[in-house]
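Below is one structure, written out as structure tokens, with a few remarks after it.
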């Protein structure tokens with residue numbers, strides 16, 4: 074009997090979010106060395122919460138682990154294509170902070 078894909082889908086989603094949280098932890102810990110970077114670390118965590126909520130809503134609509142992986146990759150690709158102009162740059166804040174870290 075094949076294993077249902079919903080637990081696998083959720084596991085893939087949690088693993089991907091855990092990787093992002095680990096990267097955020099590294100950014101936050103490195104910000105303690107330079108206190109001026111703490112604002113950037115806080116911005117990353119706000120961005121991460123938005124990213125996690127968006128991917129959770131979209132992943133809930135898929136049925137397979139591959140769908141969860143494609144949601145994460147597709148959203149990152151879409152965010153990387155957003156121009157770096159003020160109101161839109163807030164959407165890609167986490168990617169820009171990682172690019173500077």
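Residue numbers (this note's numbering): 74 to 174. We treat Cβ as the ideally placed atom computed from N, Cα and C, and that holds for glycine.
Apart from the five residues on each side of it in sequence, which residues of its chain come closer than 6 Å, Cβ to Cβ, to residue i?
i	result
residue 110	104
residue 120	166, 167
residue 108	none
Counting C-beta neighbours from all protein chains within 10 Å, is the total for residue i 16 or more, i.e. buried, or is it exposed?
i	result
residue 141	buried
residue 89	buried
residue 130	exposed
residue 155	exposed
residue 128	buried
residue 159	exposed
residue 122	exposed
residue 92	exposed
Excluding the 5 residues flanking residue i on each side, which residues of the same chain have their C-beta closer than 7 Å to its C-beta?
i	result
residue 135	82, 141, 144
residue 138	78, 81, 82, 85
residue 170	100, 113, 116, 117
Run through DSSP, which three-state label would residue i get?
i	result
residue 80	helix
residue 107	coil
residue 91	helix
residue 135	coil
residue 160	helix
Could you please give the first and the last residue of the uninterrupted alpha helix (DSSP H) stretch that includes residue i?
i	result
residue 138	138-153
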